[in-house]
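If you read the sequences in order, they're chains A and B. full-length UniProt numbering numbers the first residue of the first sequence as 1 and each following residue consecutively. full-length UniProt numbering numbers the first residue of the second sequence as 1 and each following residue consecutively. Encoded as structure tokens, the structure appears first; notes follow it.
Number of protein chains: 2
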Amino acid sequence: MPKLVDHQERRETIARALWRVVDQHGWTRATMREVAREAGVSLGHLQHYFTSRTGLLTFAMELAAEQTGDRVTRGLAALDQPPHPRDVLRLVLAEMLPLRPEARASSRMSAAYVLEALHDPALRKQAGLGLRDGRAMVERLIRQAITQGQIAPDRDPDIETDLIVALTGFTPLLELEVIEPHAALAAIDQHLDRLFAEAS
Amino acid sequence: MPKLVDHQERRETIARALWRVVDQHGWTRATMREVAREAGVSLGHLQHYFTSRTGLLTFAMELAAEQTGDRVTRGLAALDQPPHPRDVLRLVLAEMLPLRPEARASSRMSAAYVLEALHDPALRKQAGLGLRDGRAMVERLIRQAITQGQIAPDRDPDIETDLIVALTGFTPLLELEVIEPHAALAAIDQHLDRLFAEAS
DNA sequence: ATGGTTACCATACGCCTGTATTATGTCATG
DNA sequence: CATGACATAATACAGGCGTATGGTAACCAT
Chain A
1 MPKLVDHQER RETIARALWR VVDQHGWTRA TMREVAREAG VSLGHLQHYF
51 TSRTGLLTFA MELAAEQTGD RVTRGLAALD QPPHPRDVLR LVLAEMLPLR
101 PEARASSRMS AAYVLEALHD PALRKQAGLG LRDGRAMVER LIRQAITQGQ
151 IAPDRDPDIE TDLIVALTGF TPLLELEVIE PHAALAAIDQ HLDRLFAEAS
Chain B
1 MPKLVDHQER RETIARALWR VVDQHGWTRA TMREVAREAG VSLGHLQHYF
51 TSRTGLLTFA MELAAEQTGD RVTRGLAALD QPPHPRDVLR LVLAEMLPLR
101 PEARASSRMS AAYVLEALHD PALRKQAGLG LRDGRAMVER LIRQAITQGQ
151 IAPDRDPDIE TDLIVALTGF TPLLELEVIE PHAALAAIDQ HLDRLFAEAS
């Protein structure tokens, strides 16, 4: 047996270097050489852990999704137990938007990933599944809130779900500084307040 | 004087070829050679009308924005005169989302453009201005509707504007077929109905 | 201690990129 | 009709890209 290294850890280190490159210089400059430079390793080293560029990108993307999930999970712990679904939705949206630096990197990653996925069947499938899962989670929350009387029963769960998920449309507005983070949060709060207004 | 050609027309033809490439194969494959091939001209020909790639991209982007504006203008003509602001907003949103093939190309163009703009000061300024203009137009509509009693006066115009603009967040959901066009339109209608519910 | 497996690195290959250069055709005018 | 401006084209160049290859160093089991 040779020298022992934690493969998963090495791959995560490299993936994080990729995030930084994407965050600072954009998806197009996320080349093997640039990522290796950012990670402080040689091109050969990087190749040892990621044979292909596509493999690196998908791995980094999955890791970013996990990371976002972890941020949400951590945020949930800070809420009342059990948390009000309104607060859960607010937290999820807040973590998906580029409001803080860490979230910004993930946000830029997934934006570029989606764009690339449109023309690559394999990526498309994965990206589609991810989005579908996210939407399904929101829908579950909303249906449950309706059942529990926190949302008025005359609200259509599908439509309300879509409206919530669509609020990720704040991303370009935030990125190009058309609106400030507090404005995005205010709008989200307003929307959620109305959704949960008429009951509980 | 030499042979006479309409420069603007030639540039538009090439820009449209760029749209097709971006629409079908993605921003990354929108190279000078690929666009020339799609346009059915030589690389030299393309270079004669666009010295640099950046120039081509910005021109094509501006043209796409104009085109979207024209679609909205044409749609306005089909509405009641004067049109109800609710219908205007619905039309604008519908034309910005990738619901029909022509709109899809423009949508993909601007998505890629915004992503590229994040890391290029010049593009960033232009993209920011475009988005700001769009938001300002929506805000004007909403403030006017409040003044005219079509929207309840206790609604905050800034927040309502942001919520409307954020509905462009349906784009990735539509692109990855997480939701169907009719669902996006239903959600938009629901949101607008509520916004315009309490008056007029 | 030695063999074999793994980590790591430098370099090379073929391809594609944006752009520059140069040549040729094509026309309206002096 | 010749001349000069423009349209179009072909080719060249330097650089960056993903990936493949070969070699060296480090380590553990035997």
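C-beta atoms are modelled at their ideal positions from N, C-alpha and C, and glycine is treated no differently. These numbers were taken from a predicted model, which means no experiment stands behind them.
> By a C-beta neighbour count over all protein chains shown, 10 Å radius and 16 as the cutoff for buried, is Ser52 (chain B) buried or exposed?
Replying inline: exposed
> Can at least three beta-carbon pairs, one atom from the stretch 61-68 of chain B and one from the stretch 147-154 of chain B, be found at a separation below 8 Å?
Replying inline: no
>> So the candidates are A:Ala30, A:Gln24, A:Ile164, A:Asp6; which of them puts its Cα closest to the Cα of His48 (chain A)?
In response: A:Asp6
> In whole angstroms, what is the alpha-carbon distance linking His45 (chain B) and Arg143 (chain A)?
Replying inline: 58 Å
>> Using the three-state DSSP reduction, which class does Val41 (chain B) fall into: helix, strand or coil?
In response: coil
>> Quick check on DSSP: helix, strand or coil for Ile146 (chain A)?
In response: DSSP places Ile146 (chain A) in the helix class (H, G or I) of the three-state scheme.
> What separation, rounded to the nearest whole angstrom, lies between the Cα atoms of Leu167 (chain B) and Arg108 (chain B)?
Replying inline: 16 Å
> Is the stretch 117-132 of chain A in contact with the stretch 67-85 of chain A, if contact means three or more CB pairs nearer than 8 Å?
Replying inline: no
>> According to DSSP, is Glu180 (chain B) part of a helix, a strand, or is it coil?
In response: DSSP places Glu180 (chain B) in coil when its eight states are reduced to three.
> What is the C-beta distance between Pro98 (chain A) and Glu175 (chain A), in whole angstroms, given that I count them as a contact (C-beta under 8 Å)?
Replying inline: 6 Å
> Of all Cβ atoms in chain B, is any one closer than 9 Å to the Cβ of Phe170 (chain A)?
Replying inline: yes
>> So the candidates are A:Leu93, A:Ala111, A:Glu95; which of them puts its Cα closest to the Cα of Trp27 (chain A)?
In response: A:Ala111
>> Residues in the same chain with beta-carbon distance under 6 Å from Ala60 (chain A), minus the five sequence neighbours each way, listed in chain order, please.
In response: Ala15, Leu18
> Out of curiosity, what's the CA-to-CA distance linking Arg33 (chain B) and Gly40 (chain B)?
Replying inline: 10 Å
> What is the C-beta distance between Val165 (chain A) and Leu115 (chain B), in whole angstroms, given that I count them as a contact (C-beta under 8 Å)?
Replying inline: Not a contact, Cβ separation roughly 20 Å.
>> Please report the straight-line C-alpha distance between Thr73 (chain B) and Phe196 (chain B), rounded to a whole angstrom.
In response: 22 Å
>> Measuring only the C-alpha atoms, how far is Val22 (chain A) from Gly55 (chain A)?
In response: 16 Å
> What residues from chain B crowd round Ile159 (chain A), counting only those whose CB sits closer than 8 Å?
Replying inline: Ala183, Ala186, Ala187, Gln190
> For Ala186 (chain A), which option in B:Pro181, B:Ile159, B:Gly169 has the closest C-alpha, if you only look at C-alpha atoms?
Replying inline: B:Ile159
> Between Pro181 (chain B) and the rest of its own chain, which residues show a CB-CB distance below 6 Å, the 5 nearest in sequence each way excluded?
Replying inline: Leu99
>> Under 9 Å, Cβ to Cβ, is there at least one residue of chain A near Ile179 (chain B)?
In response: Chain A, which has a Cβ nearer than 9 Å to the Cβ of Ile179 (chain B), makes this yes.
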